[in-house]
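Read the structure below first, then the notes.
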Amino acid sequence: MPQDTVAFVRTETLPELPPPASQAGIVKWMRENLFSSIPNGILTLVSLYVIYLIVAFAFPWIANGIWNTDSLAECREALQGATGACFSVLSERWNQLLFGFSYPAEHYWRPTLAFILLFAAAAPVMFFDLPRKLLIFTGLYPFIAYWLIWGGTIFTPLFALAGFVVGYFVYARFVKDSFAMGFFGGVVAATITWIIGGYITDLIAPAQPFLEAVQSRAMGGFMLNMILGVTCVSLSLPLGIVLALGRQSDMPIIKFICVVFIEFIRGVPLITLLFVANVVLAYFLPPGTTFDLILRVIIMITMFSAAYIAEVIRGGLAALPKGQYEAADSLGLDYPQAMRLIILPQALKISIPGIVNVAVGLFKDTTLVSVISMFDLVGMIRGPILSSTDWNGVYWELFMAASLLFFVVCYGISQYSQWLERRLATDHR
Amino acid sequence: MTSITDPPQGSFRLSMLINDTRYRSYTFQFIALLALIAFMAFLGMNLVRNLAAAGLNISFDFLQDPAGYDINQRPIEYDSRSSNLRAAIVGVLNTLIVAFLACVTATIFGVIAGVLRLSNNWVVSKLMAIYVEIFRNVPVLIWIIIIFSIMTVSMPSPRAFRGDDPSSSMLFDAFAFTNRGVYVPAPVLDSGGWFVIAVFILSIIGIFAYRRYATKKLYATGQLLPTFWPSVALFFIPTLLFYFILGRPITLEYPELSGFNFQGGITLRGSLIALWFALAIYTGAFIAENVRAGIQAISKGQTEAAASLGLRPGRIMNLVVLPQALRVIIPPLISQYLNITKNSSLAIAVGYMDVTATLGGITLNQTGRAIEAILLLMLFYLTISLLISAGMNVYNNSVKLKER
Numbered sequence: 000m001p002q003d004t005v006a007f008v009r010t011e012t013l014p015e016l017p018p019p020a021s022q023a024g025i026v027k028w029m030r031e032n033l034f035s036s037i038p039n040g041i042l043t044l045v046s047l048y049v050i051y052l053i054v055a056f057a058f059p060w061i062a063n064g065i066w067n068t069d070s071l072a073e074c075r076e077a078l079q080g081a082t083g084a085c086f087s088v089l090s091e092r093w094n095q096l097l098f099g100f101s102y103p104a105e106h107y108w109r110p111t112l113a114f115i116l117l118f119a120a121a122a123p124v125m126f127f128d129l130p131r132k133l134l135i136f137t138g139l140y141p142f143i144a145y146w147l148i149w150g151g152t153i154f155t156p157l158f159a160l161a162g163f164v165v166g167y168f169v170y171a172r173f174v175k176d177s178f179a180m181g182f183f184g185g186v187v188a189a190t191i192t193w194i195i196g197g198y199i200t201d202l203i204a205p206a207q208p209f210l211e212a213v214q215s216r217a218m219g220g221f222m223l224n225m226i227l228g229v230t231c232v233s234l235s236l237p238l239g240i241v242l243a244l245g246r247q248s249d250m251p252i253i254k255f256i257c258v259v260f261i262e263f264i265r266g267v268p269l270i271t272l273l274f275v276a277n278v279v280l281a282y283f284l285p286p287g288t289t290f291d292l293i294l295r296v297i298i299m300i301t302m303f304s305a306a307y308i309a310e311v312i313r314g315g316l317a318a319l320p321k322g323q324y325e326a327a328d329s330l331g332l333d334y335p336q337a338m339r340l341i342i343l344p345q346a347l348k349i350s351i352p353g354i355v356n357v358a359v360g361l362f363k364d365t366t367l368v369s370v371i372s373m374f375d376l377v378g379m380i381r382g383p384i385l386s387s388t389d390w391n392g393v394y395w396e397l398f399m400a401a402s403l404l405f406f407v408v409c410y411g412i413s414q415y416s417q418w419l420e421r422r423l424a425t426d427h428r
Numbered sequence: 000m001t002s003i004t005d006p007p008q009g010s011f012r013l014s015m016l017i018n019d020t021r022y023r024s025y026t027f028q029f030i031a032l033l034a035l036i037a038f039m040a041f042l043g044m045n046l047v048r049n050l051a052a053a054g055l056n057i058s059f060d061f062l063q064d065p066a067g068y069d070i071n072q073r074p075i076e077y078d079s080r081s082s083n084l085r086a087a088i089v090g091v092l093n094t095l096i097v098a099f100l101a102c103v104t105a106t107i108f109g110v111i112a113g114v115l116r117l118s119n120n121w122v123v124s125k126l127m128a129i130y131v132e133i134f135r136n137v138p139v140l141i142w143i144i145i146i147f148s149i150m151t152v153s154m155p156s157p158r159a160f161r162g163d164d165p166s167s168s169m170l171f172d173a174f175a176f177t178n179r180g181v182y183v184p185a186p187v188l189d190s191g192g193w194f195v196i197a198v199f200i201l202s203i204i205g206i207f208a209y210r211r212y213a214t215k216k217l218y219a220t221g222q223l224l225p226t227f228w229p230s231v232a233l234f235f236i237p238t239l240l241f242y243f244i245l246g247r248p249i250t251l252e253y254p255e256l257s258g259f260n261f262q263g264g265i266t267l268r269g270s271l272i273a274l275w276f277a278l279a280i281y282t283g284a285f286i287a288e289n290v291r292a293g294i295q296a297i298s299k300g301q302t303e304a305a306a307s308l309g310l311r312p313g314r315i316m317n318l319v320v321l322p323q324a325l326r327v328i329i330p331p332l333i334s335q336y337l338n339i340t341k342n343s344s345l346a347i348a349v350g351y352m353d354v355t356a357t358l359g360g361i362t363l364n365q366t367g368r369a370i371e372a373i374l375l376l377m378l379f380y381l382t383i384s385l386l387i388s389a390g391m392n393v394y395n396n397s398v399k400l401k402e403r
């Protein structure tokens, strides 16, 4: 190609220009994420308007909030007709919302301490990197918490603990021969310890215990929700495992019992079970037995969540490849060994997200006890607080506080579950 | 368990019941059965003794006695002289009404929120994520009470609609939102009204038949018939035609203020609306997650494969993604419907007269027949949930991947 047919050839490169304004930075981001098409743009504008409405309504209400009056009337006076929340109901009744209206005020530190210790007890279960020795404290926690919250003589939780320790040692002694012998031997030994301990406690219990005893019916507020939630979830986990194994079993009678139990519980609403705890259960107990309402409710909610957890674990068991069962068999392990060492660790790992979902749902469902006139958080709000002359008519502040408490707990647990799911994902993708 | 019973000819020894894995399961089952029977007998004997001590018996005669209380929402004829059985049936119908309404609304909320959460519009997807997280993580009982409070506390009383310069006015002159409930127009059928409804139902069937015919024709000949506009036409034209030919046989009865309250129209009580919308938004948040998971479960390769075949986005959604996603979405959706039905028993917290509030509430308290009433209540919910899971099994079998 002859040189002179080209009028001009650039010999040096041009300096780099910045990208056009519409292709960089916030403008590009907005074009792509907010206004990529006309319907999308309309959607964005509508959403922004909705957000504006919510903020315009809620912001002055919260910002003008009054925190330090003694009744709704004084609060209205202080607001002088302006929009504003009356948060003083929260600051005045905060302890009632948390602990119920009859828990002795000078003992509020006890459930608070139990609550703080709960984190220490739950930490080694939730985070596997922590030293395993901490699990000892987790094992002790139920007894400490019971003693702190209910008070009374320390010998009751001590002997309860002693029963478990004795049972464990008997189990550890015999489990090498046969799991059934170890298990039933342990149960028998523990029961004997408890019966003896009961007599001894009656003899040596001091008249003035270190921590004053608090009646069960004094439990209320968010504390009651926490007690029910934590107790029932931890009790229903072993029961759920047993039910799931029973449902997978090839013994027809045991399978039948488990299937009927699970399907029955899952088919009825929790409220009907709470009604059973409230009015019917007494008919089925030996005449003259008195049972705490809170204990009856714990039994019913535990059965309820055990059925749901059993279904989750059954899913985990079914998801394991058949080779795992066969490999355990071919190693010569018997059924308890195979389950304990091979099957359950894997199946439980798969089922953790489902179990956490059940736990969150169960914690939310503990509010239903307000229907059978127990004064949990919702029961406190609807009962003593809203019907008091001072605070008759404060709805939104109270419900907002209740929603916030539940949201923090439930959202926290579900975030933890997602983290755990990522953490446990050992398969390569 | 020694071998003294060892029969000389057989190989079976009694000790094998414990030691031989072939027979051990029989021992276990026998023990379990005995324990179960003993436990049941224990409960039964306690029940008999307790009932005898209280001078009670188990009998369902109370169902025939007059109920003696009023129910504020009556789908069928009922007054306080009707029997307890009739009160229970009214309650069952009320349960089914609110469960049906909540299921439909929750599906709509859930599908919209689930799809929008996957939208590439940042604001919208974040807004939907907030909706889902807020409503999923707060107990449904609190939502029911909050909406009930909105309906009873924040709404104006009917008095506010009176006078020359009322402080509240009706929406479109047809809807009145008061603290006693929401009043909406009621359709009134004259003679011929049923005919128009029949025509409407027939035209819906016609639409499905036409679509089916179009698909068949497409598969047989490859000829693509238009479906959208013919469907719209079939939906509106015959019904409207007959409506005007028969001289407008369906009219609306508007609620009107008379005295201290509204008369006419349909009254939706605050308790119904609270239960309905609380269940709908709460369960809608769960359904949104199911929908999102279902759509995300379809691998991107499916969409790309469809696109490389030359399908347009609408057809990719209809023919490739949705049929596969529905297989994932529908089973959890049905169990959410089951949850709605069970959660509707929370009606008792806001005084909606469902079966838990009539049979398990007032009837139980008035007659003292706790065992019988709760037994019937559980049987009702058990029947519903078994029916729904039977339906789910039928569906699961029909969409199961048929592998060769």
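The listed protein sequences derive, respectively, from chains E and R. Here numbering that gives the first Met the number 0 is used: position 130 in the first sequence is 129, and no number is missing along the way. Here numbering that gives the first Met the number 0 is used: position 172 in the second sequence is 171, and no number is missing along the way. Note that CB positions come from ideal geometry on N, CA and C, so glycine has one too.
Residue 60(R) in three-state terms, based on DSSP: helix
Own chain partners of residue 118(R) with C-beta closer than 6 angstroms, once the 5 adjacent residues on each side are dropped: 124
Classification of residue 19(R) by the beta-carbon crowding that lies within 10 angstroms, buried from 16 upward: exposed
Spatial distance of residue 176(E) from residue 184(E) (CA atoms): 12 angstroms
CA nearest to the CA of residue 104(R), picked from 336(R), 396(R), 382(R): 336(R)
Span separating the alpha-carbon of residue 395(R) from that of residue 323(R): 13 angstroms
Rounded separation between residue 133(E) and residue 124(E) - CA only: C-alpha separation (whole angstroms): 9 angstroms.
Unbroken alpha helix (DSSP H) run spanning residue 338(R), endpoints: For residue 338(R), the uninterrupted alpha helix (DSSP H) segment begins and ends at 321-342.
Within chain R, partners of residue 253(E) - CB distance below 8 angstroms: 27, 28, 31
Residue ranges of each alpha helix (DSSP H) within the segment 230-314 of chain E, 4 or longer: Fully enclosed alpha helix (DSSP H) runs of no fewer than 4 residues occupy 251-266, 269-274 of the segment 230-314 of chain E, in order along the chain.
is_contact[residue 15(R), chain E] using C-beta, thresh 8 angstroms: no
Boundaries of the beta strand (DSSP E) in which residue 261(R) is found, first to last residue: 260-262
Extent of the continuous beta strand (DSSP E) run through residue 255(R): Run containing residue 255(R): 255-257, per the beta strand (DSSP E) assignment.
Local Cβ density within 10 Å of residue 372(E), reported as buried at 16 or more and exposed below that: So residue 372(E) ends up on the exposed side.
As assigned by DSSP and simplified to three states, the class of residue 207(R): helix
Residue 199(R) in three-state terms, based on DSSP: helix
Between the CA atoms of residue 21(E) and residue 37(E) - distance to the nearest angstrom: 17 angstroms
Rounded Cβ spacing between residue 223(E) and residue 375(E) (contact assumed at less than 8 angstroms): 4 angstroms
Beta carbon proximity, residue 43(E) to chain R, threshold 8 angstroms: Yes, residue 43(E) lies at the interface with chain R (some Cβ there is under 8 angstroms from its Cβ).
Buried or exposed by the 16-neighbour rule on C-beta atoms within 10 Å, applied to residue 72(R): buried
CB contact check: residue 270(E) to chain R, cutoff 8 angstroms: yes
Straight-line gap, residue 116(R) to residue 294(R) (C-alpha atoms, nearest Å): 11 angstroms
Counted within 10 angstroms of its Cβ, other Cβ atoms place residue 171(E) as buried (16 or more) or exposed: Label assigned to residue 171(E): exposed.
Close beta carbons around residue 74(E), own chain, < 7 angstroms, minus the five adjacent residues each side: 65, 68, 85, 87
7 angstroms CB neighbourhood of residue 135(R) in its chain, flanking five on each side removed: 284, 285
Residue nearest to residue 312(E) in terms of C-alpha spacing, selected from 295(E), 355(E), 283(E): 355(E) is the residue among 295(E), 355(E), 283(E) whose C-alpha sits nearest the C-alpha of residue 312(E).
Cβ-based burial, residue 393(R) [other Cβ within 10 Å; buried from 16]: exposed
Secondary structure of residue 41(R), DSSP reduced to three states: Of the three classes helix, strand and coil, the one that applies to residue 41(R) here is helix, per DSSP.
Extent of the continuous alpha helix (DSSP H) run through residue 390(R): 369-398
Cutoff 8 angstroms; reference residue 414(E); Cβ partners in own chain excluding five residues on either side: Cβ neighbours of residue 414(E) beyond the five flanking positions: none.
Sheet register partners of residue 375(E) (DSSP bridge): 220(E)
Residue 12(E) in three-state terms, based on DSSP: Note: residue 12(E) maps to coil in three-state DSSP.
Alpha carbon of residue 362(E) to alpha carbon of residue 406(E), nearest angstrom: 11 angstroms
Exposure of residue 240(R), with buried meaning 16 or more beta-carbon neighbours within 10 Å: Under this definition residue 240(R) is an exposed residue.
Residue-level contact to chain R via CB, residue 46(E), 8 angstroms cutoff: yes
Buried or exposed (CB count within 10 angstroms, at least 16 for buried), residue 44(R): exposed
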